[in-house]
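Data block below; observations after.
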Amino acid sequence: MTTETMTRARQRDYTASELLAVMAGRLLEDGQVVFAGVGIPLLAATLAQRLHGPGLTILFEGGTIGAFVEPGQLPPSTNEQRCTRRANMVLSSTDVLLLLQRGYVDIGFMGGAQIDQYGNLNSSFIGDPENPTTRLPGTGGGNDISSLTQMIVAMKHEKRRFVEKVDFITSPGFIRGGTSRRDAGLPAGGMYRVVTDLTVMGFDEQTKRMKVLALHPGVSLEEVRDNTGFPLLAADRIETTEPPSERELQVLRHLDPDKLYIA
Amino acid sequence: MTTETMTRARQRDYTASELLAVMAGRLLEDGQVVFAGVGIPLLAATLAQRLHGPGLTILFEGGTIGAFVEPGQLPPSTNEQRCTRRANMVLSSTDVLLLLQRGYVDIGFMGGAQIDQYGNLNSSFIGDPENPTTRLPGTGGGNDISSLTQMIVAMKHEKRRFVEKVDFITSPGFIRGGTSRRDAGLPAGGMYRVVTDLTVMGFDEQTKRMKVLALHPGVSLEEVRDNTGFPLLAADRIETTEPPSERELQVLRHLDPDKLYIA
Amino acid sequence: MSEAYLELRRRTAERDRSLREKVMSLEEAAALVKDGDKVGIGGSTLSRTPMAMIWALIRAGKKRLSCSRSIMSSEGELLFGSGASEHVLTSWFSQGIVWGVSKVMRLYTESKRARFEEWSHMAVGMRFKAGAMGVPFLPMRSMMGSGVLARLPDARQIDCPFTGEKLVLVPALNPDVALIHVQRCDAFGNAQMDGLQFMDIDLAMAANRVILTTERIVSNDQIRRAPDQTKIPFMAVDAVVEVPFGCAPHECYGVYEPFFKHLDMYAELIRKDPAKGIAHYLDRYVYGPKSWTEYLSLIGVEEMLDAARRGRRIHDD
Amino acid sequence: MSEAYLELRRRTAERDRSLREKVMSLEEAAALVKDGDKVGIGGSTLSRTPMAMIWALIRAGKKRLSCSRSIMSSEGELLFGSGASEHVLTSWFSQGIVWGVSKVMRLYTESKRARFEEWSHMAVGMRFKAGAMGVPFLPMRSMMGSGVLARLPDARQIDCPFTGEKLVLVPALNPDVALIHVQRCDAFGNAQMDGLQFMDIDLAMAANRVILTTERIVSNDQIRRAPDQTKIPFMAVDAVVEVPFGCAPHECYGVYEPFFKHLDMYAELIRKDPAKGIAHYLDRYVYGPKSWTEYLSLIGVEEMLDAARRGRRIHDD
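Protein chains in written order, with my numbering: chain D, 1147 to 1409; chain S, 1147 to 1409; chain E, 43 to 359; chain H, 43 to 359.
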């Protein structure tokens, strides 16, 4: 891609959050069972349902199976009645989390405050956990989801968020890489994809380190590395993603007209 | 009691089963939570509800809390819809059994095929369990009930049923007496009363051996001992029970007009 | 170390869990069950027994089914008598207390032609629940000191690592297939159950495959109007078969009560001679009829109407 | 060895579990809670929060309440800010993602004036479930390898005695009292809940005492017409308080949605200055009003009608 085309591509008519939601939604496949967190994951999963996955089953931590969230009626967490809109089943939050443990879920889909090169997520403490700079809200179901199923994480690509070692492992990725996740007692699941407003990443099969698989239009590998606090691997052939289509943006904005999650 | 009065008392206008149901029902107190088995227990608990315990809560193994079984509509087991008649709650059978473990139940109330001097019940095998003369239907919830709460057992008084040592402990009473029940891992519950068509019995506080507390009208301690396959203790002062009243028999027969359980 | 867990997950992962229609016939559903399968049976005693499905499995000539249920009744005798099963795992097995100790159960178990593996009722529930939760065991506080526990090599006693007290650990039971009958579900398998649920929800989630029979199939829209009434989610269901009176001669809560006359007739038949009695019953009522409808016709419209009249008045007050 | 279990049973045995009326006022119910009690809170985030009861506890000047909930929202901040609680056990604690990280939660935890004990969401659920089942622990498969588990001395890792794999055992949590809000119950405490149930059923059965608040009290006859809709049995309930809009400004499924304007106002108030903001809010909305009705009047009829309109249309299609 030339500098010119890159510049052109960056003159985009969508926000970083919109790009993130569209790119994340594309990773979901029709027929999958997806356990979605609040915010971009909920929005992206609903977008996928409307665009290419009418048979995509969304689970919410509050206790919902097979919901179809209503446009303009996004819930403030995954525990309010809006989450149960046109749901197939409502069950206890403990029982819906147990579906992860029983193996019913294909994909866990979450946001993240801080992530490291092995895909470990921190949503508990910035700084020393005993004396934190910032006490974050904590795991919620994040730890359970990341411990028990394949994960897609959607987050903004910033150096302070992509750190070599998280201050605290709230939700385990591949822990210290290699077989350490399995050795810790987590034989199932693991990080599958990290999608950001710059790139789509996977993990190296052996070392379990984060690896760039695709770049969004107009983004260079250098730019991604500049915004990442650790050395990133790169696939032999890096793909370029298709820019968000009119239709994708239209449906997305229809879903979140108040810009609750795509501000 | 003279032979003459004894003879008069035996010229009774009720069957042994009716006597058993009435005497068993009297042992229940208003306000108690009673886990009742099918047959005489179900019938006697319903009788108690109608006579002196309007606030008696009956639980059935099928998953019913606070039922009021309808006269003439006795269920063939504790798992049919008749058990839920005017119930306060219907829940899973596992959950209703867990109420015993959690400590919500005052009295477990069961019948028995064979019982020994420590109140152990056998409803699994007559003869050698590996090569039984008769394979009986098994524990059902009996083992759980007798393991986890205070028990009242209602059964016909026959020598072949009251044996020194049961062929098989299906539902533990005091096991081998003394502290053996507690030592086995059952710190709560235990046998409270055994009521038969002849007598009401309790258990010695130390040895945990069966002990006659009261005799039904016209029954002698000798007669009870003659019908028991092991040496029975006797209370220092043995009471005589009041004979079934007109009202008790009338309500009982109204409940079981087809003589399903009081044949 | 975790092979059993990964195998359990693999079997779930490979099922098509998408929102899809899965309505089929009894015969098609029976083909999903293999000889030797561990079969979990829903309902309890005479209640919500998936009788039509059991009837179809026997007709299909299944063998060596290892069957588990909270409490077994006459359906267990049909499974023994037909040779479809030589092993049941349950807490209680007889037609029902009012008919005395079942002669067919006695015949098969006392002669060792079949095995009746006895666990306490709560233990059966805990085993399904562990299976549903995806854990290898659950702790419980009964069975200790009894002969029941002594005969169960699969259960373990431990000293609690928190309190030091004695506990029993019972292992997860994950049947290959669960047979469950409900009052209504949609074509995807979202099942709504009224009244007594027994262990059916845990059983459904524990099993590696679920065959639902239902009194009637309703629209997915109807299910979605009361999603908190859905008890089994579509993604746990592999087959949906609409079978009105699918529990006959047992009951279906709020729809029909047991067919007592038929059950009395059956009890009388096996009381005289259990071997001949069960063979006769199987010939006449299981192998004989061309369809479930013809089976119901043999039982007779009068009994059907009577059972339905009694069944529907449960909350009339 | 079994003292903890016998003590648990003793506390249940001594409760009056008979079928009796137990309707009382918020103030009478608050008197059932003692300083230092372990308090389990029903609902989750903004849903079915027993806000009126929490409001009454703060007004009654309770201290050192150790509070547990699946997910804590603004009610946890009121408990911290008022000094009623210095310890919460939960999986997530903030007003809600749309308002950013809660300033009051940060103020109290970062200054160590209060403790936020973090377990995974499922672990909180398993702890209530173990408490409800009367077992000392339950096994589970998450939290391993994480910092969350490393900070929890009360959880234990074991090698499974059946499979050899690694598991976490979490201990039972039996709160002294549970606060639960439902859509309807009878005067005896038979509670029927619509929609999302969160961990409320396990919480109710785990607790040593249950205070129910309810949108409305219905007759026992109405309960008995649908006994399979009863989610908490009367015998587990110690107090029933009728409080319409008892979750405001949070939601009650099918009755009203969150009062978003009020929540935005609250968020703005604490964003500027968490200490002063929460003090101001408590003065004006908790200590100020003479009654719950006066509190609702302060929020305003317009918001009440709007929240109710939104709440009632959940299954309009």
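Glycine included, C-beta positions come from ideal geometry on N, C-alpha and C.
Member of the options whose CA lies at the smallest distance from the CA of residue i
i, options, result
"Ala55(E)", "Gly1375(D), Leu1197(D), Glu1216(D), Tyr1250(D)", "Tyr1250(D)"
"Pro1363(D)", "Thr1345(D), Thr1353(D), Arg1306(D)", "Thr1345(D)"
"Leu1359(S)", "Gly1375(S), Leu1379(S), Glu1368(S)", "Leu1379(S)"
"Glu1304(D)", "Asp1372(D), Asn1234(D), Gly1257(D), Ala1233(D)", "Asp1372(D)"
"Ala1259(S)", "Val1242(S), Asn1234(S), Ala1233(S), Gly1288(S)", "Gly1288(S)"
"His163(E)", "Ile1272(S), Leu1243(S), Arg1248(S), Asp1176(S)", "Leu1243(S)"
"Glu254(H)", "Cys202(H), Arg267(H), Arg226(H), Pro178(H)", "In the sequence as displayed, the identity of residue 254(H) is Leu instead of Glu. When each option's Cα is compared against that of Leu254(H), the closest is Arg226(H)."
"Ala1409(D)", "Gln1396(D), Arg1158(D), Ser1163(D)", "Ser1163(D)"
Reduced DSSP secondary structure (H/G/I, E/B, other) of residue i
i, result
"Thr1148(S)", "Residue placement at Thr1148(S) is poorly supported in this model, since its pLDDT is 46, which falls under 50; the coordinates still yield a value, given next. In this structure, Thr1148(S) counts as coil in the three-state DSSP scheme."
"Met114(E)", "strand"
"His1362(S)", "coil"
"Met1297(S)", "strand"
"Pro269(E)", "helix"
"Phe122(H)", "helix"
"Tyr337(E)", "helix"
"Asp1329(D)", "helix"
"Asp1402(S)", "coil"
"Thr1230(D)", "helix"
"Thr1374(D)", "coil"
"Arg354(E)", "helix"
"Leu305(H)", "helix"
"Ile1321(S)", "coil"
"Glu69(E)", "helix"
"Val1312(S)", "coil"
"Gln225(E)", "strand"
"Arg1154(S)", "At Arg1154(S), the pLDDT of 47 sits below 50, so the modelled position is not reliable; the number obtained from the coordinates is stated separately. Three-state DSSP puts Arg1154(S) in a helix."
Extent of the continuous beta strand (DSSP E) run through residue i
i, result
"Phe287(E)", "From DSSP, Phe287(E) is part of no beta strand (DSSP E); its letter is neither H nor E."
"Thr1386(D)", "1379-1386"
Close-in-space but distant-in-sequence residues of the same chain around residue i (CB under 7 Å, 5 per side omitted)
i, result
"Ala126(E)", "Leu99, Ile100, Lys104, Lys105, Leu107"
"Leu61(H)", "Phe230, Phe276"
"Met1147(S)", "The predicted model places Met1147(S) with a pLDDT of 43, which falls under 50 and marks its position as unreliable; any figure quoted below should be read in that light. Excluding residues within five positions, none has a Cβ falling inside 7 Å."
"Ser1238(D)", "Gly1209"
"His1198(D)", "Asp1176"
Residues of its chain near residue i, where Cβ-Cβ distance is below 6 Å and the 5 sequence neighbours each way are ignored
i, result
"Ala350(E)", "Tyr298"
"Thr1151(D)", "Since pLDDT at Thr1151(D) reaches only 49, below the 50 mark, its modelled position is unreliable, and no value is offered."
"Gly1319(S)", "Tyr1264, Gly1265, Asn1266, Met1337"
CB contact flag (residue i, residue j, <8 Å)
i, j, result
"Arg169(E)", "Leu215(E)", "yes"
"Lys145(H)", "Arg313(H)", "yes"
"Phe240(H)", "Ser112(H)", "yes"
"Gly1183(S)", "Met1256(S)", "yes"
"Ala94(E)", "Phe122(E)", "no"
"Arg148(H)", "Thr1280(D)", "yes"
"Ala174(H)", "Val212(H)", "no"
"Pro291(E)", "Leu311(E)", "no"
"Asp1343(D)", "Leu1193(D)", "no"
"Thr1353(D)", "Phe1181(D)", "no"
"Ala249(E)", "Val219(E)", "yes"
Range of the contiguous alpha helix (DSSP H) that encloses residue i
i, result
"Tyr323(E)", "316-323"
"Phe170(E)", "163-175"
"Ala1170(D)", "1162-1172"
"Gln1195(D)", "1186-1197"
"Gly189(E)", "189-192"
"Glu152(E)", "145-152"
Nonlocal neighbours in the same chain, by C-beta distance under 8 Å from residue i, ignoring five residues either side
i, result
"Thr1285(D)", "Ser1269, Ser1270, Thr1316, Ser1317"
"Asp1274(S)", "Asp1313"
"Ala321(E)", "Gly123"
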